[in-house]
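Have a look at the structure below before the remarks.
2 protein chains.
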Amino acid sequence: MPRTCCLPSAEQRTPHQEVACSECGLDPICQVLDYAEPGSGIPEGILIRRMPIPRGEMLLAYNQPFRAIYAVKSGSFKAMTWDLSSSERVVGFFLPGDLIGTDGLATDCYSYSVRALETSSVCRLEIEALPKSGRSREAIQDALITLLGQEVAMNHMVTTSLIQQNAEQRIAAFILSLARRSGIRGLNRQELGLSMSRSDIASYLGLARETVSRILTRFHNSNLIELRKHLLRVLDHGALERLSVLSE
Amino acid sequence: MPRTCCLPSAEQRTPHQEVACSECGLDPICQVLDYAEPGSGIPEGILIRRMPIPRGEMLLAYNQPFRAIYAVKSGSFKAMTWDLSSSERVVGFFLPGDLIGTDGLATDCYSYSVRALETSSVCRLEIEALPKSGRSREAIQDALITLLGQEVAMNHMVTTSLIQQNAEQRIAAFILSLARRSGIRGLNRQELGLSMSRSDIASYLGLARETVSRILTRFHNSNLIELRKHLLRVLDHGALERLSVLSE
DNA sequence: AGCTTTTTTTGATCTGCGTCAATTAGTGAT
DNA sequence: ATCACTAATTGACGCAGATCAAAAAAAGCT
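Taken in order, these protein sequences are the chains called Y and R. So for the first sequence, my numbering puts the first residue at 1; every next one is plus one. So for the second sequence, my numbering puts the first residue at 1001; every next one is plus one.
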């Protein structure tokens, strides 16, 4: 599977992995849809699978009316808002298996914009078209509750860990979080495609670009990670955990 | 309504306010329960109203099995976890109208401990006893989805704002958040009972006790707030908003 | 009340990281 | 390949806020 940008060496090419349906966050809902008996009121086309999204394209925009939930199949995205000084602020990254847009379930509008960091693909679930009553509706509701609950729990962890940590701890935790999320979805947890820019990471972690750069090279020099362009290989998982304190 | 600690002057006494049911986060669910037709499968005692909780008592503990969701009727609580160095970390505060324990919906265990900051009262909703099917189940599911969605949206805002702000901005935002939440629930948004200690605030905001103290007195000296013991009166809402940048 | 313990405030250093500035590397277009 | 432009790295410096230390205020005892 080719990548967006053309890199000379195979080593430097991000392995563009696709998450298996069974490991995807949308799977509980997909299963309901797949196994729904005919006449359950679920129309065709409610779920669009593997929509391709080119690098740089907006998947959805802040304040747009809430229409759909997306699941990342391959590639990656960043979520952003803008503060009063109109400068962009990165508020999250989405990796294969992650759900995008769940916040709209309460607010009816998306609370951030989402842009593809590389050529990616998503599955799109139309909310309007979901069945309005019946057994499959209950099952879908249950699945949504679980998904939202997970998001609450995860956000909680992220907030907690980020606020109280210094720059080194934040970056260690960030790398581990990428690795862990890849692992959970059944993807490579040693080699990570750092598709986002240093500025994106800095904005997300509340640090300066320069600090991110400095600490990444520091980690590299201490043989905690190997870093070639945008491919990051975790060399010493234990050491990173010890640094990040909030190991898991 | 008497307060826990005995303060001499009436001015220094926190007005111990109780949130109206109509303004409470649990209300959507309470309504379903109240108006459920007989035979809907909803047992008696599923909802315990106005449970009193003495100051300092644990409402629920980290890793305990998830049994119930609580709504704060009056008083306040703090949520805490512990990092590896076994020092306490405050991860949130609950005010009248707020829901406690929603994170358990996904994880089956509470992800933090919750302790009463003053004599408080809560309503307790037993999750096990909720109807397993039918119309009222669907209504409850819907309500839960909305609640969780709101929590996701709010957490998002908090995270975003906290991480990128300096100490002054964080504290301004914190005060405004308390005021806004009081306002939303129909309570006094000028006079806030700061039931938590400076250490709690510091831990929550990722600052040192001393910094919180210094900046609060700075705000006091600039006539942004009036501060007597644990009663905080917002004097210049606009100035605080301008400070916090992420005004709303 | 008086005594003890905890919390808060205030002051004096010290340092991590943001900011500014300059260099190098990477990317895309012709 | 060359040029132009953006992203990343590296260095120098200053300040916001952590840390250490001590006094003052509040709260909880008997």
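Using N, Cα and C, we set each Cβ at its ideal position, and we do this for glycine too. It should be emphasised that the depicted structure is a prediction, and the values quoted were computed from it without experimental measurement.
- Message: Between R/Cys-1006 and chain Y, is any beta-carbon pair separated by less than 7 Å?
- Response: The predicted model places R/Cys-1006 with a pLDDT of 35, which falls under 50 and marks its position as unreliable, so this point remains unresolved.
- Message: Considering just the uninterrupted stretch of the beta strand (DSSP E) at R/Cys-1030, what are its terminal residues?
- Response: Segment 1027-1035 is the alpha helix (DSSP H) holding R/Cys-1030; no beta strand (DSSP E) there.
- Task: Give the straight-line distance between the Cα atoms of R/Glu-1126 and R/Ser-1133, rounded to the nearest whole angstrom.
- Result: 16 Å
- Short Cβ contact (7 Å threshold) for R/Cys-1109 with R/Ala-1071: no
- Task: On the DSSP bridge assignment, give the partners of Y/Pro-65 in chain order.
- Result: Y/Cys-109
- Item | Same chain, Cβ closer than 8 Å to R/Glu-1226, neighbours up to 5 away in sequence not counted | His-1220, Leu-1232, Arg-1233, Leu-1235
- Message: Counting only C-beta atoms, is R/His-1016 closer than 7 Å to chain Y at any point?
- Response: no
- Query: Given that a residue counts as buried once 16 or more other Cβ atoms are within 10 Å of its Cβ, and exposed if not, what is R/Ala-1173?
  - Reply: buried
- Curious, which full-length beta strand (DSSP E) runs of at least 3 residues does the stretch 69-93 of chain Y contain? 77-82
- Task: Closer than 7 Å, Cβ to Cβ, to anything on chain R: give me those residues from the stretch 63-92 of chain Y, in chain order.
- Result: Thr-81, Asp-83, Leu-84, Arg-89, Val-91
- Message: For R/Asp-1103, would you say it is in contact with chain Y, using Cβ-to-Cβ distances shorter than 7 Å as the test?
- Response: yes
- Message: Please list, in chain order, the residues of the stretch 146-174 of chain Y that have any C-beta partner in chain R closer than 7 Å.
- Response: Thr-146, Leu-148, Gly-149, Gln-150, Glu-151, Val-152, Ala-153, Asn-155, His-156, Val-158, Thr-159, Thr-160, Leu-162, Ile-163, Gln-164
- Task: Output the boundary residues of the alpha helix (DSSP H) element that contains Y/Ile-201.
- Result: 198-205
- Item | Within-7 Å CB hit, Y/Gln-141 to chain R | yes
- Give me the Cα-Cα distance between Y/His-230 and Y/Gly-101, rounded to the nearest whole angstrom. 27 Å
- Message: For Y/Glu-191, report the span of its beta strand (DSSP E) as first-last.
- Response: 191-193
- Item | Y/Arg-49 - DSSP class collapsed to helix/strand/coil | strand
- Output the boundary residues of the beta strand (DSSP E) element that contains R/Ser-1182. Segment 1167-1184 is the alpha helix (DSSP H) holding R/Ser-1182; no beta strand (DSSP E) there.
- Task: Would you mind telling me which residues of chain R sit closer than 8 Å to Y/Ile-138, beta carbon to beta carbon, in chain order?
- Result: The question names Ile, but residue 138 of chain Y is Glu in the sequence shown. Going along chain R in sequence order, the residues near Y/Glu-138 (Cβ under 8 Å) are Ser-1133, Arg-1137, Glu-1138, Gln-1141.
- Message: With a threshold of 7 Å between beta carbons, is R/Gly-1206 in contact with chain Y?
- Response: yes
- Is it buried or exposed for R/Glu-1118, if we count other Cβ within 10 angstroms and need 16 for buried? buried
- Rounded distance between the beta-carbons of R/Thr-1159 and Y/Thr-159, thought under 8 Å: 4 Å
- Message: Using 7 Å as the threshold, is the C-beta distance between Y/Phe-93 and Y/Lys-78 below it?
- Response: yes
- Please list the partners that R/Thr-1211 has in chain Y, where partner means a Cβ-to-Cβ separation under 7 Å. Result: empty, since nearest Cβ-Cβ is about 13 Å, beyond 7 Å.
- Message: 7 Å is my cut-off, CB to CB: does Y/Ala-106 come that close to chain R?
- Response: yes
- At 7 Å on the CB atoms, spell out the chain Y contacts of R/Ser-1111, in chain order. Ala-153, His-156
- Just the Cα atoms here: how many angstroms apart are R/Ser-1244 and Y/Asp-34? 48 Å
- Message: Cutting at 8 Å between CB atoms, please list the residues of its own chain near R/Thr-1107, excluding the five before and the five after it.
- Response: Phe-1066
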